[in-house]
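Just so we're aligned, residue 1 is where the sequence shown starts under full-length UniProt numbering, counting upward by one. A short worksheet on the structure shown next.
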Amino acid sequence: MTFKEFRCRHSNGNNTTHIFDIHNVTKNVLSALHYLARYKVIHLDIKSSNVMSRLLNDSSRCVLIDFGSAQIETSFFTTQFIYKKKVIKHKASLASLFVTLSIHECSNLSLVDDVESLYYNIFE
Numbered sequence: 001m002t003f004k005e006f007r008c009r010h011s012n013g014n015n016t017t018h019i020f021d022i023h024n025v026t027k028n029v030l031s032a033l034h035y036l037a038r039y040k041v042i043h044l045d046i047k048s049s050n051v052m053s054r055l056l057n058d059s060s061r062c063v064l065i066d067f068g069s070a071q072i073e074t075s076f077f078t079t080q081f082i083y084k085k086k087v088i089k090h091k092a093s094l095a096s097l098f099v100t101l102s103i104h105e106c107s108n109l110s111l112v113d114d115v116e117s118l119y120y121n122i123f124e
């Protein structure tokens, strides 16, 4: 179950999520981003529908899914797109509600962009 579905199922009528669930999911996503950072991979599509709970009613064991927009961090103005085990250089072109300022500015992407996107999602 995605965290988006989890929130819909466990909201208490006023469309809010319990702070402990938000804490658990944030901790798990930050752990996943830390792992990706070791390999210089930027996810670029952090949102509640890309966070999957391993157990049906448990927010403490979540994983990050959908790496279709993932890129390798580079020091150039283009990033490298991972597609079918090939690395293709191109500019990022994403259209999501919570994309980072770097994407809007068409500037160089970095690992910080995923954390920024997570920050925007916490207030969703």
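Idealized CB from N, CA, C, for every residue including glycine.
Check	Outcome
Check this for me: beta carbons of Asp21 and Ser59, under 8 Å apart or not?	yes
Based on Cα-Cα distance, which residue from Lys47, Leu118, Ile72 lies nearest to Glu5?	Lys47
Counting C-beta neighbours from all protein chains within 10 Å, is the total for Ser11 16 or more, i.e. buried, or is it exposed?	exposed
Could you tell me the alpha carbon to alpha carbon distance between Ser41 and Thr17, rounded to whole angstroms?	It should be noted that the sequence gives Val, not Ser, for residue 41. Taking the straight line from one Cα to the other gives about 29 Å.
What does the alpha-carbon distance come out to for the pair Arg7 and Ile72?	31 Å
Helix, strand or coil, according to DSSP, for Thr26 in the structure here?	helix
Check whether the Cβ atoms of Leu111 and Ala32 sit closer than 8 Å, and answer yes or no.	no
Determine the DSSP secondary structure at Ile72, reduced to helix, strand or coil.	strand
How many Å lie between Tyr35 and Phe3 at the Cα?	20 Å
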